[in-house]
Amino acid sequence: MRKLLAIGAGVALSFAVAGVSTAAETTVTGHLRDGYCFIRMGAHGPSHKTCAIKCAKAGIPVLLVTDSGKTYTLLPPKDAHPYPPAVIQHMEDKVTVTGNEYSKGGQNFLTADSVK
Numbered sequence: 030m031r032k033l034l035a036i037g038a039g040v041a042l043s044f045a046v047a048g049v050s051t052a053a054e055t056t057v058t059g060h061l062r063d064g065y066c067f068i069r070m071g072a073h074g075p076s077h078k079t080c081a082i083k084c085a086k087a088g089i090p091v092l093l094v095t096d097s098g099k100t101y102t103l104l105p106p107k108d109a110h111p112y113p114p115a116v117i118q119h120m121e122d123k124v125t126v127t128g129n130e131y132s133k134g135g136q137n138f139l140t141a142d143s144v145k
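Per this note's numbering, the sequence shown runs over residues 30 to 145.
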């Protein structure tokens, strides 16, 4: 019985691990965009900065859009935490973000460990 339970636990663990993406630290340069207004209305740039800051503070996803068009959804460096102040203050600016890169379901994610 113990052997059967151990095998079952191992199989369950292997399925759980298969769904987890691995992280690779990377540095990406692009513009910080408010996900709601950028996706729904195409709003971006200096004239949208005040709105983008309000949205980021409210928890709307922040996107990092590279010059080539690749888009990352930024994640806070720690679970259950807001975006760092550097993300908020640089909304709509061109920045360089260093963090852990993840891909899941065809989407790109990047933790905002450092924003310059």
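By construction, the Cβ of each residue, glycine as well, lies at the ideal position given by its N, Cα and C atoms.
Continuous beta strand (DSSP E) stretch holding residue i: start and end
i	result
Thr55	53-63
Alpha-carbon to alpha-carbon, residue j and residue i
i	j	result
Lys133	Lys99	15 Å
Ala121	Gly64	Correcting the residue type first, residue 121 is Glu in the shown sequence and not Ala. The alpha-carbon atoms of Glu121 and Gly64 are separated by roughly 11 Å.
His60	Ala109	24 Å
Val94	Tyr101	7 Å
Ala45	Tyr131	Confidence at Ala45 is low in this model, with a pLDDT of 44, below 50, so its placement is unreliable and the value that follows should be read with caution. The straight-line gap from Cα to Cα measures roughly 17 Å.
Leu92	Pro105	12 Å
Ala87	Pro114	13 Å
Thr56	Thr127	4 Å
Beta-bridge pairing of residue i - partner residues as DSSP gives them
i	result
Thr140	Leu104
Enclosing alpha helix (DSSP H) for residue i [first to last residue]
i	result
Lys86	78-86
Pro115	Looking at the sequence provided, one finds Ala at residue 115 rather than Pro. Counting along the chain, the alpha helix (DSSP H) containing Ala115 begins and ends at 114-118.
Cβ distance (whole Å) where residue i is taken to contact residue j below 8 Å
i	j	result
Thr58	Lys123	7 Å
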